[in-house]
Amino acid sequence: MFHSVNSKVNFPQVEENILNFWRNNNVFERSVESRRGGPRFVLYEGPPTANGSPGIHHVLSRVFKDIIPRYKAMKGYYTPRIAGWDTHGLPVELEVERELGFSSKAEIEEYGVDRFNTRCRESVFGYLKEWEAMTERIAFWVDLKHPYITMDNKYIETVWWAIKQMWDKGLVYQGYRVTPHCPRCGTSLSSHEVALGYQDNVEDPSVYIKFKVVPNTLVAVGRLLNIDINKPAYFLAWTTTPWTLPGNTALAVAADADYAVVEIDNEYLILADALRGSVGLEDYKVVKGLKGRDLVGIGYEPLYNPHKYSVGREHFPLGTEAGVHKTRSEPQGGLTYPVIDTDFVSMEEGTGIVHVAPAYGEVDFEAGMYHELDFVHPVDLQGNIIGSYPFSGKFVKDADPLIIDDLKSRGLLYRSERIRHTYPFCWRCEAPLLYYAKQTWYIKTTAVKESLIAGNNEINWYPEHIKYGRFGDWLENNVDWAFSRERYWGTPLNIWCCESCGRYECVGSVKDLEEKAGFAGLKEPSDLHRPFVDELTFDCPKCGAKMRRVPEVIDCWFDSGAMPVAQWHYPFENNTLLEDGRFPADYICEAVDQTRGWFYSLHAISTLLFNRPCFNNVICLGHILDAKGEKMSKTKGNVVEPWAIIDKYGADALRWYCFTASPPGNVRRFSEKSVAEVTRRFLLTLWNVYSFFVTYANIDRFTPDAEATLSFHSELDKWIISELNQLIIDVDTALDGYNPTEAGRKIENFVNDLSNWYVRRSRRRFWKSENDADKLSAYTTLYECLVTLSKLLAPFTPFLAEELYQNLVCSAFPEAPNSVHLADFPVVDVTKIDKRLSADTLLVMKISSLGRAARSQAGIKVRQPLAKLFVKTASRVQNNALKRLESQILEEVNVQALDIVDDPKVVLERLKGGRLADGGEIIVVLDTNIPPELAAEGLAREIVHRLQIMRRSAGFDIADYITTYYQGEAYMRKVMVDFADYIRQETLSRQLIEEVPGEGVFTESYKLGGYDILLAVKRLG
Ligand SMILES: [Zn+2]
Ligand SMILES: [Zn+2]
C-alpha cells in the first residue's frame, strides 16, 4: 500500500518534511560520496557577500547553479560543490560607514583602521544565518560547512602569490593616468566597475564658452583671418562639465576640417563651419573660411589663470614613477594657451573646437603628453575645488552653476542649456564618477588580450550571443586593469617600497616575507589585513633603508576572480589542482552583469596565470524585473521578498518558475501571480495524476513488480510509454546542453498529455470492477510514468520528485536507493519509441480538439451525442491513419460516425445545421442536428453526471456501491428505464428504484432538457 495522497496539497508543508528527511539522512553528502570514482564535474560558486538579505535574483542564480550538478550526479559524476563567501571590498566598507554614520575617509582614519576593519569583519557575516537558511530551503545543494572565505589568511596568501606571478612577468605597473574616481569612496574604480554603474537620462549643463584670442598671436599667424584687429575674437568650445574649465590648458581642432570666422555684433567667433547651424550662427556673416590646421599655434587667454587662483601649474612630461612632477617656471602674467590639432574632435556635436583639460580625461591626458601642455588640477580627491576661485570649496557638480554665472558675468558665456545623457556613477554608492589623473596600480591585461580572446573561443556561453557579443566585445576593447584601491578592508596589495631609494618589491608569500633581512613587525596571531600588515617591514637590499608596504588594498573582484586557486590555498597546498580535475570548472552561472564583473575577473586571472580559461560552460542569466518591467529597488518598494513566495507556494514552485517561465538569458518580469500560475498549471496537474493513481492503486491493492515486463493491452499504454521514452531523450539532451528551460517545458507538455489524454482516456480502465490484465497494464503504465517523472524532475523540483519517489518506490522496493537523489537518471529504451503511434495520436488530439471547438461554438455539451463528424485531412497517409483511429475520435468528440471529405464547405452548405472548425491543414464540420434518440441518450449522460456529483457531495467513497432513487415526468422515467444498464454501471448503482426515498437519503431536484426529475442516492452498508 502507498500512503494515501490528498488531492488538496500543501506544498510548503510537504517540503518541510522532506528537508528534515534529507537533513537526517545526509542525502546531499551521500549523493556526492556515492559517486566518488566517477568523472568529476566541477561547479565554481560565485561568492555572494553575506552582509545583506538574499534577494529573489540570488534565488534565481542559485537554483540555476543547483540544477546542472544535480543532473550530473544522477548521471554518475562526482560533483562536490563548495560554497564561498566574498568578504572584502567597498560594499562591506560602505555598510559599516553607514552604521557608524561616516561620510569620509578622514572619519575612518580618526576612528582607527583596526577598529574599522574589525567591524567590517563582523558585518560580512551579518546575514550568514539567513543565507544558509535560504540556501537550504530552496534546495541549493552546496557544502556550506566548508566554504572558502576571501578574507582568510590562506586565501589572501594565494592572491599574493597570483599577483607575484604577474609582477614577475612584468605585468604589474604603477601608472599616472586618468582613472575613473569615486569622490565619495575616495578611490579609483576599474573599467569593469565603471561598466556596472552607467545611468541613462542624467541631466547636466551644456555650455558654449568663449575663449579670447590673444591679439598678438593673431598677428603672428598673419592676416590669415581677415579680421579687424581692434574687435575681439573668440574660439567657441562646448562642454558638459564646466567644473573642468579651470583645468583647461588647450583647445583642440581637427586639422582637415573647415572652420569659419563669424562676425557677430562687435566681435568674431571661430568654430567649425559644419556646426554653425546647430550652434545658432547660420545667419551671421562668415568673414573667413579656413582649415583647422590654419588655427594651430594661435594663443588664447586662460579662463582661469592658475597663478591668480593659487593653484599649482605643472607640465608634461609628468613623472611616471612615484609621481614627481615638473613645475612651469614661465611667466605668471600674460599666460597663453595654444590651439592644437588632435584626432578626437567630433563634427557631430559641439563646435568642432574641444576644450582640453589634461587632468580630467583620458584623451586630454594623452594630448597633454604629446603636446607637452600645462597640467592644472584644482580638484581634491573628495571632488572639491581647491584654490581661491569664487567657487572654491564646492563639490564639482555644485560648482558648475557658479562657474557658469562667473563666466557669464565676464562675458565669456555664449549659450547655456541642459542636456540629458548617459553618465557613469559609482556602482556602490551612486556618487557621480570623476575622471582624474592620478597614480594607480595596473595589471597589464592588454598584454594578454589575444590570449583572452582565444580562451573565450573555448568557452560555451548560454545564451550563445554573449560569447562574441557582450563578453567578446569587452575583451576586444580590453584596457589594463586598475586594481589598486585607496581603501582599508581588502586584500592588502603585496608591494613594498623603500623609504629612501624608492625601490619596489612584490612579496609572494608569508614565508618570503619572514625570510627577508631585517623583517620586523609581525604580531601573533597574524592577520594579513590592514593595519597589521602595514607594520611589517624589512631592509632594502639596495640601500639598507626600510621597506614599507604601499598603502593600497586590491579590487575585491580580484579576490573572487582568484577563487579557482585561492579556495585551495594553491600552490602552498593542493598543488596537483591543475591535473586532478578540480580546475577548470565545468560550469558557472551568474547574471549578465557579471560579464564585466566575475566572469571577466575569473577569465583574466586564469589567462594571466595559466594562459587558459578556468570555466568551460556558463549560463548567463538575464536580469529580473518587477511585474511592470521596472528594476527592483528598495526605494521604489517593489522588491519581492523570496521568503514570502516560498512560504506560500513552496520552493519547487519558485524553482519551476525560474526554469520554465523564460529562457535563462532573457530579462524576466517577476510577479507572485506567475508563480501561482505555474503551481496551478504544472505542479497541481502532476499532483492530481499522482493522487489519482495512489487512490485507485490502493483500492485495487496494486503492487508494482520490478520483474513484470509490460505487456500492453492498450494502444494508449503503448503510446504514453513511447512518449515517456522520447521525453527521457529530450530532457537528457536539453540538460546536457545547459538548457533547463527546454527540458522543463518538455516535461510540462508530457505531464499535460499524461493528465489530459492518457489518464482521462484511461479513467474507465481504473474504475471498472474486474481486476483484469487491461487494468494491470494501465496501473503498471501509469506507475512507470510517475516513477520516471520523479527521476527526471529530481534536478528541477527536488521536493516533489522526492515525495513521489518515496511513496511510489521506497514503499514498494526497500532495497532501492532511499532517495530519488541517490538514484540514476532514467535511461531511454529506444525500442519503446513508436513514431507512427505518436503521430497518429497527435492527429487524434488535433481532430478531437477541433471537434470540441465546433461543439462549443454551437453551444452543445460534449455529453450530448451527435450523429456525425466530417473531416478533411492534409494527406492520404492521414486518411489511412484515420481509419485506424476512428473509434478514439468518435469517443472524444462523442459522435456516432466519421466521414472523410474533400470539401468541407460543400458539406456545411448541405447540412441544415452544422459547424465548421478550421485548423489549417485539417478542417472539421460537425452535424449539430439532434434527433430524438440522441437527445434521450444525452439526457441519460446528464443524469449520470448529476449522480456522480451527488455521490461526491454525499461523501461516498469512490468504490462505494449505492441504490439510486428517482421520480419524474413520463419522458424522464422512460430515459431511466431505457438506459438503466448504462446508468447503473457508471454510478455503481445496484438498483434504480422509482420512488421517493425515506429520511436521511441524499436527494436533489433538477430540470434537465426541460423536464423535472428528482434523484436520490443511498450508500449500501
Ligand atoms: Zn563610491
Ligand atoms: Zn632602498
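Residue numbering for the sequence shown is 878 to 1898, as defined by the working numbering. Glycine included, each C-beta is placed from N, C-alpha and C at the ideal position. Just so we're clear, the structure is a prediction, and the values are computed from it rather than from any experiment.
Considering only the beta carbon of each residue, do residue i and residue j sit closer than 7 Å?
i	j	result
LEU1803	ALA1730	no
VAL1552	ALA1530	yes
ALA1132	ARG1190	no
ALA1308	CYS1059	yes
LEU1048	LYS1326	no
ILE1263	VAL1216	no
TYR1266	TYR1177	no
VAL1873	GLN1844	yes
ILE1860	VAL1894	no
TYR1319	TYR1050	yes
PRO1024	TRP1115	no
ALA1468	LEU1498	yes
SER908	ALA960	no
PHE1302	GLN1076	yes
PRO1675	ALA1016	yes
ASP1717	LEU1659	no
ASP1711	SER1599	yes
Quickly, what does DSSP pair residue i with across the bridge? List them, please.
i	result
GLN890	In DSSP, GLN890 forms no bridge with anything.
GLY1176	PRO1215
VAL1049	ILE1320
VAL1079	HIS1298
ASP1804	GLY1791
MET1424	CYS1375 and PHE1415
ILE1496	TYR1339 and CYS1466
GLU1871	TYR1843
GLY953	For GLY953, which the question treats as bridged, DSSP gives no partner whatsoever.
GLY1383	The question names Gly, yet the displayed sequence has Cys at residue 1383. BP columns for CYS1383 point to ILE1372.
ALA819	The structure shown does not extend to residue 819, since the chain is modelled only from 878 to 1898, so the question has no answer here.
TYR1237	The partner list for TYR1237 (beta bridge, DSSP) is empty, contrary to what the question assumes.
Taking all protein chains shown into account, do 16 or more other C-beta atoms lie within 10 angstroms of the C-beta of residue i, making it buried, or fewer, making it exposed?
i	result
ALA1199	Bear in mind that a pLDDT of 33 at ALA1199, under 50, signals an unreliable position, so the number given afterwards is only what the model happens to contain. ALA1199 is exposed by the Cβ-count criterion.
GLY1196	Annotation note: pLDDT 45 at GLY1196 (below 50); position unreliable, coordinate value reported separately. Classification for GLY1196: exposed.
CYS1378	exposed
LYS841	Nothing in the structure corresponds to residue 841, since the chain is present only between 878 and 1898.
ASN883	exposed
GLN1755	buried
MET1853	buried
HIS1342	exposed
ASP1277	buried
LEU1685	buried
LEU1824	buried
TYR1136	buried
GLN1471	buried
VAL1201	Because the pLDDT of VAL1201 is 36, which lies under 50, any placement of that residue in the model is unreliable, and the number read from its coordinates should be weighed accordingly. Exposed, because fewer than 16 other Cβ atoms sit within 10 Å of the Cβ of VAL1201.
THR956	buried
TYR1899	Any question about residue 1899 goes unanswered here, given that the chain covers just 878 to 1898.
Could you tell me how far apart the beta carbons of residue i and residue j are, in whole angstroms, since I believe they sit closer than 8 Å?
i	j	result
ARG947	ALA1671	7 Å
THR1228	LEU1113	5 Å
VAL1138	LEU1158	The pair is not a contact, with the Cβ atoms about 11 Å apart (cut-off 8 Å).
TYR1339	GLY1542	7 Å
GLU1080	ARG1297	5 Å
ASP1275	THR1323	Actually they are not in contact, since the Cβ atoms of ASP1275 and THR1323 sit about 37 Å apart, beyond 8 Å.
Using a Cβ-Cβ distance under 7 Å, would residue i count as near chain C?
i	result
TYR1032	This model lacks chain C altogether; it includes just one protein chain.
Tell me which residues pass a beta-carbon proximity test against ligand 3: closer than 6 Å to any heavy atom, given in chain order. You won't find ligand 3 in this model; what it holds is ligand 1 and ligand 2.
Do the stretch 1413 to 1424 and the stretch 991 to 1003 make contact, defined as three or more Cβ pairs closer than 8 Å? no
Across the stretch 1471 to 1489 and the stretch 1433 to 1450, are there enough close Cβ pairs to call them in contact, namely three or more that are closer than 8 Å? yes
Would you say the stretch 1771 to 1782 touches the stretch 1739 to 1756, given that touching needs at least three Cβ pairs under 8 Å? yes
At a cut of 8 Å, does the stretch 1610 to 1630 reach the stretch 1532 to 1549 through at least three beta carbon pairs? yes
Using 8 Å as the threshold, is the stretch 1233 to 1248 in touch with the stretch 1143 to 1150, meaning 3 or more CB pairs across them? no
Determine, using beta-carbon pairs with one atom in the stretch 1385 to 1393 and one in the stretch 1023 to 1043, whether at least three such pairs fall under 8 Å. yes
So does the stretch 1638 to 1655 actually touch the stretch 1701 to 1711, counting three or more Cβ pairs closer than 8 Å? no
With contact counted as at least three CB pairs below 8 Å, one residue from each stretch, are the stretch 1707 to 1724 and the stretch 1598 to 1607 in contact? yes
At least 3 beta-carbon pairs within less than 8 Å: the stretch 900 to 918 vs the stretch 1552 to 1562: no
Does the count of Cβ pairs from the stretch 1007 to 1027 and the stretch 1353 to 1366 closer than 8 Å reach three? no
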